[in-house]
Each structure stands twice: as C-alpha cells, then as structure tokens.
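Student: In this note's numbering, the protein residues as written are 115 to 339. Just so you know, even glycine gets a beta-carbon here, dropped at the ideal spot from N, CA and C. Computed from a prediction, not measured in an experiment: that's the story for all the values here. Here it is, the structure, as structure tokens.
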C-alpha cells in the first residue's frame, strides 16, 4: 500500500496538506457541535412524540430537551461571536448572506466545511467536493434512469443547502426565473431542488472568489450555471 501511495504522489504531485488556520478550525468545531446538538434534539423530540407512558422517563426526556434548547442557543451565539471577532470570516459570511436562500447559519457551515477556497480552480470543483454534481444512472448500453446528485464528497454542505434551496425557490425572483426553464423541460420537483442546490454552491464560490456580493445581473451572465 505504501508503494502504491508513493507512486500516486510521484505521478500526480498532489499539493501538500496544510492544517486549518486556528479561526477556521474553531469555527468548524463549533458548527459541528451545533449539528450534533440539533441531531440529538430531533431524536429526543421523536422519542417524546412517540408517546412515553412512564412519567419518570417522560420527565427525563423533557429535561434533556430543555438542556439541548439552551445549548443550541448558546452554541449559535458562540458561532455568531466567533465570526464577528474575525474580520475575514465576517466579510465572507456577509458575502454568502447576500445570496438568496443563504442565511447566517448556512453561511457559517459553508465557511467551516469549504475551508480553503484557493485550492479549487472552479465552482464545479467545489460542487464536486460537496457531492452536488449530477450523475446519470445507466445500466448497460441503453437503460437510463434519472440524473441524480453524485453524493460523493462532504455531505455537510449538501445537507445544509437543501432548505436554502427551497427558500430560494419560494422567495427569490432570480432563482424562480432560473428554475422555470428546468420545470418547462419536465424536470421533477426534486431534480429542480437539487439543481438549485448546485446553483447555490456555484454562487457561493463566485461571491467568495470575487469578494463581491451577489448581483442578479452578474449571475444571469454566469456561464457555469
């Protein structure tokens, strides 16, 4: 195995690994902790809604939920404070927040998970990292299924962009107009949502790379849609 890795490195010359800068490493830890807390809250809410007969168990679940609510609020505050304390993170968060559908929570996660923008040569590479590039399902030489997301890569940005995509479809004239063409070509509702997720990651790359906030007129001219 060591010899195989050595041959790969000799042939491909991949860039040397560099550790995350401290402010991004801390942001990533906070964002992932928030993700864990929200997941635990969902589990406990499902447990409570299932109908707990034993009063002592129900009280324990309710107490744990109360604790989780407090910890989620506290961690969200820590994330906001951390971003505000670091000018570059604050600027990048504001740039992402200018994109329709993306708010502060999603912006923080994208900054925590897509940690070194300079290593990507294009928005498509960022989309591939997040598993947001389309993959056609094909069997043999003639049987084809629906085109779906590859889902290979970091799942966190992909999960984080689902609800922003729905919000953008509901509230953004730009995204609505862009998605209308997909709908007219017969794309299913889920295919359109996935396409909007892909679009959002392209826009995120664009605003961070250029340092300019989202501009619908500029985005309409983007050739990488």
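#1: By a C-beta neighbour count over all protein chains shown, 10 Å radius and 16 as the cutoff for buried, is residue 220 buried or exposed?
#2: Relative to the alpha-carbon of residue 225, which residue among 329, 313, 143 and 239 has its alpha-carbon at the smallest distance?
#3: Does DSSP classify residue 275 as helix, strand or coil?
#4: For the region 283-315, list the alpha helix (DSSP H) runs that are entirely contained and at least 4 residues long, ordered along the chain.
#5: Got a sec? Which residues, its chain only, sit under 7 Å from residue 182 by beta carbon, not counting five neighbours each side?
#6: By DSSP, does residue 98 sit in helix, in strand, or in coil?
#7: Please look up how many angstroms separate the CB atoms of residue 237 and residue 315, rounded, as I've assumed it's under 8 Å.
#8: What residue range does the alpha helix (DSSP H) around residue 199 cover?
#9: Can you tell me whether residue 235 is helix, strand or coil according to DSSP?
#10: Out of curiosity, what's the CA-to-CA distance linking residue 135 and residue 321?
#11: Use the C-beta contact count for residue 299: other C-beta atoms within 10 angstroms, 16 or more gives buried, fewer gives exposed.
#12: Give the range of the alpha helix (DSSP H) segment to which residue 219 is assigned.
#13: State the start and end residues of the unbroken alpha helix (DSSP H) segment that holds residue 157.
Tutor: Reading from the atomic positions:
#1: Residue 220 is buried by the Cβ-count criterion.
#2: 143
#3: coil
#4: Within the region 283-315, the complete alpha helix (DSSP H) runs of at least 4 residues are 287-298.
#5: Close CB contacts of residue 182 within its chain, under the 7 Å cut and outside five residues either way in sequence, are with 151, 154, 155 and 158 (chain order).
#6: With the chain covering 115 to 339 only, the question about residue 98 has no answer from this structure.
#7: 7 Å
#8: 169-199
#9: Coil.
#10: 21 Å
#11: exposed
#12: Element bounds for residue 219: 218-227.
#13: The continuous alpha helix (DSSP H) containing residue 157 extends over residues 136-163.
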